[in-house]
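Numbering-wise, the sequence shown is residues 1 to 592 according to the UniProt record's numbering. Taking it in order: structure first as structure tokens, then the write-up.
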Amino acid sequence: MKEIVTIQVGSYANFVGSHFWNFQDELLGLADSPESDQTFKSHNLNMDILYRTGETQQGIVTYTPRLVSVDIQGSLGSVSSRGTLYNDVPDTSVGALTWTGHVTTQTSQPLKKNLFLQSLYVEENKNEGTLRGGNSGTSDRQSEVQDKDIVESLENEVQYWTDYSKVHYHPQSLYELSGLWTDIRDFNNYGIGREAFLGVQHAEEINEKLRFFVEECDRPQGIQFIIDDSGGFSGVGGEFLEKIADEYTNIPVLLYSVRSPVSCLESQSLKMRISRKLHDAVSFSKLSAFCKLIVPVGLPSLSTSRTSKYLRVEDQKPYHTSAVYASAIHSISLPFRMEPLGPSAQLSYTCGAMDVNELVRMLAVQARQNMVTILDVAMPAPALTGFQGQQSLLENLQPLTPETAEDVEDLHALESMTVHGVFGSGDNDVALLILGTSFQQDICSKRASVSEIKDAVEAACAKAVERPRFSHLSIAQCPLPIPLPFPSIFNNLVGQNGQLLDTPISNCASKGSLDVHSVPMAARLRSTNAILPFLENRLGNLRKFGIARGALGTDLLGNWGFTKDEIEEMGEMLSSMVNTLNPVSHESSDSD
Numbered sequence: 001m002k003e004i005v006t007i008q009v010g011s012y013a014n015f016v017g018s019h020f021w022n023f024q025d026e027l028l029g030l031a032d033s034p035e036s037d038q039t040f041k042s043h044n045l046n047m048d049i050l051y052r053t054g055e056t057q058q059g060i061v062t063y064t065p066r067l068v069s070v071d072i073q074g075s076l077g078s079v080s081s082r083g084t085l086y087n088d089v090p091d092t093s094v095g096a097l098t099w100t101g102h103v104t105t106q107t108s109q110p111l112k113k114n115l116f117l118q119s120l121y122v123e124e125n126k127n128e129g130t131l132r133g134g135n136s137g138t139s140d141r142q143s144e145v146q147d148k149d150i151v152e153s154l155e156n157e158v159q160y161w162t163d164y165s166k167v168h169y170h171p172q173s174l175y176e177l178s179g180l181w182t183d184i185r186d187f188n189n190y191g192i193g194r195e196a197f198l199g200v201q202h203a204e205e206i207n208e209k210l211r212f213f214v215e216e217c218d219r220p221q222g223i224q225f226i227i228d229d230s231g232g233f234s235g236v237g238g239e240f241l242e243k244i245a246d247e248y249t250n251i252p253v254l255l256y257s258v259r260s261p262v263s264c265l266e267s268q269s270l271k272m273r274i275s276r277k278l279h280d281a282v283s284f285s286k287l288s289a290f291c292k293l294i295v296p297v298g299l300p301s302l303s304t305s306r307t308s309k310y311l312r313v314e315d316q317k318p319y320h321t322s323a324v325y326a327s328a329i330h331s332i333s334l335p336f337r338m339e340p341l342g343p344s345a346q347l348s349y350t351c352g353a354m355d356v357n358e359l360v361r362m363l364a365v366q367a368r369q370n371m372v373t374i375l376d377v378a379m380p381a382p383a384l385t386g387f388q389g390q391q392s393l394l395e396n397l398q399p400l401t402p403e404t405a406e407d408v409e410d411l412h413a414l415e416s417m418t419v420h421g422v423f424g425s426g427d428n429d430v431a432l433l434i435l436g437t438s439f440q441q442d443i444c445s446k447r448a449s450v451s452e453i454k455d456a457v458e459a460a461c462a463k464a465v466e467r468p469r470f471s472h473l474s475i476a477q478c479p480l481p482i483p484l485p486f487p488s489i490f491n492n493l494v495g496q497n498g499q500l501l502d503t504p505i506s507n508c509a510s511k512g513s514l515d516v517h518s519v520p521m522a523a524r525l526r527s528t529n530a531i532l533p534f535l536e537n538r539l540g541n542l543r544k545f546g547i548a549r550g551a552l553g554t555d556l557l558g559n560w561g562f563t564k565d566e567i568e569e570m571g572e573m574l575s576s577m578v579n580t581l582n583p584v585s586h587e588s589s590d591s592d
């Protein structure tokens, strides 16, 4: 088996990761539920690639994500860093006392669990004994009134990424970065994060957690690394990545650098604006140096982007925006856990399986090593034959990567696309199935088969004006499941199973998990020169504020621990990436 170890570093990365693992947990629950349709029962996904089987001291079998999560101290809310399955509390008693004076003990009360976490606790006690896969939240939900209360409380009260997590974590998974001695608002640049990681014993302790998961793998296919690169955690991740590159030379790292719209807000201070521009340049340069493929994710405004055509996202809520990014990462990573085609391939629910290394080799070939790729998504994806005037599947794909160019020609472009759970027809009979009695059976029959999706996508690509040099297509019939704690971000043109409607069938402005149970998706990774604006902006800012004679940010970079030679080396690396994608570019040289 080719396992994947996932790493999440930083607050927003863990917001994204929490949604990602909720999707996986929901898939596990739906596969065992008698009420779910056949596509969930036969999804052909090997969940052992992401999960590990263990056992508590009481002999209870556990099934937990193969995950290392790093965040600041106090970021876990009401959840313990030891998780919830292994209730072995560390011994805090003192073996020998040499102090004979008065002793005062200061304790703080644990945070109260919110309504959602309370409901999980009640349900677990009711169904105690079966922990594999956690709680599906689908087969045996509480009453509708209670579910509505839970959804409403999450919309208004989420503070921590654990507030909506329905997954059990292993004690080795969760790590809180203590001893920062700084306000989180000041933990905002690469240098301070770099210093924090190397300080105390953080480096060794985090490495030990990763080693625990990697060494029990049979044949690890790669590391899925999600990092909040908007502040100090970029430095933490950069140093962590360097150690991973040294210790696990044969394991490719696929890096998603994520940031929320809130982190993209422009500062009114000139000093802070320069610091931000230098941070972005340094962060990207250092992170990309230690991974095989880097995928920047995070638009300045998700709510006003074309991606949100069928969504109602509130940019100021990480709970909202991270759900969209997690959905895209879930979709694009499906091929890594698809079961290979067997003798009965014509009856398969999936096709296009590949591992992380195969994706890297495909998108970062020849001179395009350590390249940055663009992530596009269609959420929900339209039917193969939609309403008149509705955009096609390919036209619906919109970038989640910032600072990208449109309508560019790249004869060497490469891409990998995943399509799953789409309908064959967009006619109203699909939408009106919600009123039928044989709902699940009818919906299942309306989903397009693997061969239908393949033929439709290939036909659309053949007609496209801009065609990549090579395109890999992965297909699954299983749609994106929408678990109970998913935010209410769908508009009233999205039906119960994610079908796109020509007219709304609800007066509700936004819909969540009570109204939308699953969503067809399409996601794509592109290696293309459309990423040039992203790269050129970082190179230009590094030269202007960090390398040029009399640059205003030279001292700042020095305070972050970088020498002149290191800064120039980063500039050369960025310049090389720009020239690789645009060899006729007449960039100014070091004379800047």
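The beta-carbon is built from N, C-alpha and C at its ideal position, and this holds for glycine as well.
Opening and closing residue of the alpha helix (DSSP H) in which residue i lies
i: Arg538; result: Leu532 to Leu542
i: Tyr123; result: Looking at the sequence shown, residue 123 is not Tyr but Glu. Note, Glu123: alpha helix (DSSP H), Leu115 to Lys126.
i: Arg273; result: Leu270 to Ala289
i: Gln38; result: Gln38 to Lys41
i: Met521; result: Not the alpha helix (DSSP H): Met521 falls in the beta strand (DSSP E), residues Met521 to Ser527.
i: Ser471; result: That residue, Ser471, is in no alpha helix (DSSP H); its beta strand (DSSP E) goes Phe470 to Ala476.
i: Gln24; result: Ser11 to Ala31
i: Pro294; result: In the sequence under discussion, the amino acid at residue 294 is Ile, which differs from the Pro named in the question. Ile294 -> not in any alpha helix (DSSP H); beta strand (DSSP E) instead, spanning Leu293 to Val297.
i: Leu557; result: Thr554 to Asn559
i: Leu154; result: Glu144 to Glu157
Chain-order list of residues whose beta-carbon lies under 6 Å from that of residue i (same chain, five-residue window excluded)
i: Val295; result: Tyr256, Thr373 and Leu375
i: Gly17; result: Gln8 and Ile226
i: Phe212; result: Gln172
i: Leu432; result: Residue placement at Leu432 is flagged as unreliable, the pLDDT there being 44, under the threshold of 50; the coordinate-derived value follows with that caveat. Nothing listed; no residue qualifies.
i: Arg524; result: Asp376, Leu397, Glu415 and Met417
i: Ser165; result: Ser18
Beta carbon of residue i nearer than 8 Å to that of residue j
i: Val297; j: Val313; result: no
i: Pro380; j: Val457; result: no
i: His168; j: Thr84; result: yes
i: Gly238; j: Lys286; result: yes
i: residue 593; j: Ala383; result: The chain is shown from 1 up to 592; residue 593 falls before or after that span and cannot be answered.
i: Leu23; j: Pro520; result: In the sequence on display, residue 23 carries Phe and not Leu. Going by C-beta atoms, Phe23 is not nearer than 8 Å to Pro520.
i: Asn491; j: Ser518; result: no
i: Leu50; j: Phe40; result: no
i: Ile223; j: Ile244; result: yes
i: Asn114; j: Glu157; result: yes
i: Val214; j: Val5; result: yes
i: Ser527; j: Met417; result: no
i: Arg538; j: Phe284; result: yes
i: Thr62; j: Gly54; result: yes
i: Pro300; j: Pro402; result: yes
i: Ala464; j: Leu393; result: no
i: Leu241; j: Lys292; result: no
i: Leu45; j: Leu67; result: no
i: Thr385; j: Gly352; result: no
i: Gly231; j: Arg194; result: no
Nonlocal neighbours in the same chain, by C-beta distance under 7 Å from residue i, ignoring five residues either side
i: Leu302; result: Pro261, Ser308, Val313, Asp315, Thr321 and Val324
i: Gln441; result: Note that Gln441 scores a pLDDT of 48, beneath 50, so its modelled location is shaky; the value from the coordinates is reported in the next line. Closer than 7 Å at Cβ, skipping near neighbours: no residue.
i: Lys112; result: Ser78
i: Ala405; result: Ala530, Leu532 and Pro533
i: Ser267; result: Arg273 and Arg276
i: Leu76; result: Tyr160, Thr162, Leu174 and Glu176
Residue i: first and last residue of the uninterrupted beta strand (DSSP E) it sits in
i: Leu55; result: Looking at the sequence provided, one finds Glu at residue 55 rather than Leu. Its beta strand (DSSP E) spans residues Tyr51 to Glu55.
i: Tyr256; result: Val253 to Val258
i: Asp71; result: Leu67 to Ile72
i: Leu574; result: Where Leu574 is concerned, there is no enclosing beta strand (DSSP E), although the alpha helix (DSSP H) it sits in stretches over Lys564 to Leu581.
Residues near residue i by beta carbon distance below 8 Å, same chain, minus five either side
i: Thr182; result: Ile192
i: Asp91; result: Model confidence at Asp91 stands at a pLDDT of 47, short of 50, so the residue's coordinates are unreliable; what they give is reported in the following sentence. Nothing meets the Cβ criterion.
i: Cys508; result: Asn492 and Asp515
Residue i: CB within 7 Å of a non-hydrogen atom of the ligand MG
i: Ser18; result: You won't find the ligand MG in this model; it holds no ligand whatsoever.
**Report entry** alpha helix (DSSP H) segments (min. 4 residues) lying fully within the stretch 300 to 340
**Finding:** Runs of the alpha helix (DSSP H) inside the stretch 300 to 340: 318 to 332.
Query raised in the report: Counting pairs of beta carbons, one from the stretch 257 to 270 and one from the stretch 2 to 17, are three or more of them closer than 8 Å?
Result: yes
Query - beta strand (DSSP E) runs wholly inside the stretch 175 to 232, at least 3 long, in chain order - result: With a minimum length of 3 residues, the continuous beta strand (DSSP E) runs that stay inside the stretch 175 to 232 are 222 to 228.
Query raised in the report: Does the stretch 466 to 484 come close enough to the stretch 329 to 340 to have 3 or more Cβ pairs within less than 8 Å?
Result: yes
Query raised in the report: Taking one C-beta from the stretch 1 to 10 and one from the stretch 206 to 220 each time, how about it: are there three or more such pairs within less than 8 Å?
Result: yes
Query raised in the report: Using 8 Å as the Cβ pair cut-off and three pairs as the minimum, do the stretch 531 to 550 and the stretch 566 to 576 touch?
Result: yes
Query raised in the report: Are at least three pairs of beta-carbons, each pair with one atom in the stretch 175 to 182 and one in the stretch 194 to 205, less than 8 Å apart?
Result: yes
Query - beta strand (DSSP E) runs wholly inside the stretch 346 to 417, at least 3 long, in chain order - result: Within the stretch 346 to 417, the complete beta strand (DSSP E) runs of at least 3 residues are 374 to 378.
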